[in-house]
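To keep things clear, I will list the structure first and then write my remarks on it.
In my numbering, the protein residues as written are 3 to 353.
Spelled out as structure tokens, the structure:
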């Protein structure tokens with residue numbers, strides 16, 4: 003995990019060095035376009051560059067006519083007055099202590115910003131994962147039991163559509179149909195709660211919350227249930243065709259007893275053990291775009307805005323947290339394999 007995390011940060015740091023339009027260039031462009039008000043705001047900001055770690059200064063082509071001393075001050079303010087290697091090594095040291103510095107433009111510690119946004123993303127990811135499992139596992143089992151029937155063929159058509167069309171396109175369709183796009187205005191278009199949420203009673207707060215997350219969760223579920231359904235079906239089909247199942251049937255056991263008592267545990271091994279990986283995939287792929295489309299104030303929207311604003315402390319802070327959480331859940335997934343089936347281990351054996 004440690005070298006992988008190091009490699010992720012290193013590759014992205016190198017890419018940032020060649021990305022045009024860094025924060026210094028952006029600040030200069032704002033000053034040239036907005037005048038002394040922006041200059042005063044930038045010059046009076048807190049020392050956000052003392053522990054910053056990414057970005058490139060280079061030669062600012064948009065800085066003609068700007069006082070070179072001001073450019074140097076901006077470079078120092080944003081932390082770009084040091085060589086790239088020095089900045090990267092300082093970033094690694096700071097990130098090991100979960101010190102992500104301060105945002106360039108929000109005037110807050112990045113850790114505080116991430117912590118405030120994380121519950122939204124985790125909430126969306128957990129609800130989506132729960133519903134996907136509740137739908138995909140029973141559907142996959144039914145498809146395995148009724149393999150080759152009309153039910154299997156019709157549901158396979160639905161699964162193909164769900165697999166082929168990304169969740170953010172389903173989100174756009176749902177907005178057009180149910181959020182006042184062109185037809186009905188049943189659900190809200192943006193946000194996780196209403197503006198008057200604090201004034202509502204507890205039952206009304208719960209109802210308002212579910213009213214707002216209906217469309218985002220639906221889009222995620224439609225776009226994410228296909229893979230797990232087919233994984234469940236194929237896993238059960240593989241077990242159903244094994245000799246021990248034929249032996250159980252020959253002993254006169256009912257089909258329900260065979261499925262629940264014999265097939266279920268072995269077939270569900272890969273599905274249960276894959277839960278952490280499935281959650282991280284749902285949380286950090288489709289959910290990020292869903293947050294942007296529905297303006298949900300979570301990690302996805304935060305990262306998107308940070309990239310647009312060249313707010314590198316937030317960009318790298320969110321990248322670090324995403325990567326660390328993803329690697330940790332992969333470790334949990336490996337451990338889960340051994341808990342579900344003790345016969346599995348990761349010891350090296352000489353052949």
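Ideal placement from N, C-alpha and C gives every residue a C-beta, glycine not left out.
Discussion item. Under DSSP, the alpha helix (DSSP H) around residue 138 begins and ends at which residues?
Written reply: Numbered from its first residue, the chain shown carries residue 138 at position 136. Note, residue 138: alpha helix (DSSP H), 112-147.
Practice prompt. For residue 329, collect the residues of the same chain with a Cβ closer than 8 Å to its Cβ; drop the 5 residues on either side in sequence, then sort them by chain order.
Written response: Residue numbering aside, residue 329 sits at position 327 when the chain shown is read from its first letter. Once the five neighbours on either side are set aside, the close Cβ partners of residue 329 are 3, 6, 7.
Worksheet item: residue 246: which of 263, 207, 233, 129 sits nearest, CA to CA?
Response: Position 244 of the chain shown holds residue 246. Among 263, 207, 233, 129, the Cα nearest to that of residue 246 is on 263.
Discussion item. Using only the alpha-carbon positions, how far apart do residue 129 and residue 216 sit?
Written reply: In the chain shown, counting from the first residue as 1, residue 129 sits at position 127. In the chain shown, counting from the first residue as 1, residue 216 sits at position 214. Each residue's alpha carbon lies about 10 Å from the other.
Discussion item. Just to confirm the assignment, what range does the alpha helix (DSSP H) spanning residue 212 have?
Written reply: Translated into the one-based positions of the chain shown, residue 212 becomes position 210. 204-242 is the extent of the alpha helix (DSSP H) around residue 212.
Worksheet item: Less than 8 Å separating the beta-carbons of residue 300 and residue 291?
Response: In the chain shown, the residue the question calls residue 300 occupies position 298. In the chain shown, the residue the question calls residue 291 occupies position 289. Going by C-beta atoms, residue 300 is not nearer than 8 Å to residue 291.
Discussion item. Taking its Cβ as the centre, do 16 or more other Cβ atoms sit within 10 Å of residue 15, making it buried, or is it exposed?
Written reply: Within the chain shown, the letter at position 13 stands for residue 15. Residue 15 should be labelled buried.
Worksheet item: From residue 226 to residue 85, what does the alpha carbon distance come to, in whole angstroms?
Response: Numbered from its first residue, the chain shown carries residue 226 at position 224. Numbered from its first residue, the chain shown carries residue 85 at position 83. Cα to Cα, residue 226 sits roughly 44 Å from residue 85.
Discussion item. Going by DSSP in three states, residue 98 sits in which element: helix, strand or coil?
Written reply: The sequence position of residue 98 within the chain shown is 96, counting from 1. Helix, per DSSP.
Worksheet entry | The alpha helix (DSSP H) enclosing residue 6, as first and last residue numbers | Numbered from its first residue, the chain shown carries residue 6 at position 4. Counting along the chain, the unbroken alpha helix (DSSP H) around residue 6 starts and ends at 4-19.
Worksheet item: If you count every other CB in all the chains shown that lies within 10 Å of the CB of residue 281, and 16 or more means buried, which is it?
Response: Counted from its first residue, the chain shown places residue 281 at position 279. With a threshold of 16 other beta carbon atoms within 10 Å, residue 281 meets it and is buried.
Worksheet entry | contact_flag[the segment 246-262, the segment 154-165] where n(CB pairs < 8 Å) is 3 or more | Taking 8 Å as the limit for Cβ pairs, the verdict is that the segment 154-165 does not touch the segment 246-262.
Discussion item. To the nearest angstrom, how far is the alpha carbon of residue 271 from that of residue 229?
Written reply: Here the question's residue 271 lines up with position 269 in the chain shown. Here the question's residue 229 lines up with position 227 in the chain shown. Cα-Cα distance, rounded: 16 Å.
Worksheet item: Roughly how many whole angstroms lie between the Cα atoms of residue 172 and residue 224?
Response: Here the question's residue 172 lines up with position 170 in the chain shown. Here the question's residue 224 lines up with position 222 in the chain shown. Roughly 7 Å between the two C-alpha positions.
Item to complete: Measure the alpha-carbon distance for residue 332 versus residue 273 and round it to whole angstroms.
Response: In the chain shown, counting from the first residue as 1, residue 332 sits at position 330. In the chain shown, counting from the first residue as 1, residue 273 sits at position 271. Roughly 14 Å separates the two Cα atoms.
Worksheet item: Relative to the C-alpha of residue 118, which residue among 314, 304, 339 is closest?
Response: Walking along the chain shown from the start, residue 118 turns up at place 116. Each of 314, 304, 339 was checked against the Cα of residue 118, and the nearest Cα belongs to 304.
Fill in: Residue range of the unbroken alpha helix (DSSP H) whose run includes residue 268
As a first step, residue 268 is located in the chain shown; it is residue number 266 there, counting from the start. Residue 268 -> alpha helix (DSSP H) spans 266-269.
Worksheet entry | Exposed unless 16 or more other CB atoms sit within 10 angstroms - verdict on residue 284 | In the chain shown, the residue the question calls residue 284 occupies position 282. Counting Cβ neighbours within 10 Å, residue 284 comes out buried, since at least 16 surround it.
Worksheet item: When you compare only the Cα positions, how much space is there between residue 323 and residue 113?
Response: Position 321 of the chain shown, counting from 1, holds the residue named residue 323. Position 111 of the chain shown, counting from 1, holds the residue named residue 113. Cα-Cα distance, rounded: 10 Å.
Worksheet item: Could you give the C-beta distance for residue 185 and residue 195, rounded to a whole number, given that I count them as a contact under 8 Å?
Response: Locating residue 185 in the chain shown gives position 183, counting from the first residue. Locating residue 195 in the chain shown gives position 193, counting from the first residue. That belief does not hold up - the Cβ atoms of residue 185 and residue 195 are roughly 24 Å apart, past 8 Å.
Item to complete: Answer with buried or exposed for residue 344, where buried requires no fewer than 16 other C-beta atoms within 10 angstroms of its C-beta.
Response: Working through the chain shown from its first residue, we reach residue 344 at position 342. Here residue 344 is exposed, its C-beta having fewer than 16 other C-beta atoms within 10 Å.
Practice prompt. With distances taken Cα to Cα, identify the nearest neighbour of residue 210 among 221, 133, 188.
Written response: Mapped onto the chain shown, residue 210 falls at position 208. Looking at the Cα atoms, 188 is the closest of the given residues.
Item to complete: Give a single yes or no on whether residue 82 has its beta carbon closer than 7 Å to a heavy atom of the ligand ZN.
Response: As presented, the structure is devoid of all ligands, the ligand ZN included, so that no description of it is given.
Fill in: Spatial distance of residue 120 from residue 149 (CA atoms)
Residue 120 sits at position 118 when you count from the first residue of the chain shown. Residue 149 sits at position 147 when you count from the first residue of the chain shown. A straight line joining the alpha-carbon of residue 120 with that of residue 149 spans about 41 Å.
Item to complete: Rounded to whole angstroms, what's the CA-CA distance from residue 65 to residue 311? Just pull it up for me.
Response: As a first step, residue 65 must be located in the chain shown, where it is residue number 63. As a first step, residue 311 must be located in the chain shown, where it is residue number 309. At residue 65 the pLDDT is 47, less than 50, meaning the model places this residue with poor confidence; the figure from the coordinates comes in the next sentence. Between residue 65 and residue 311, the C-alpha separation is close to 18 Å.
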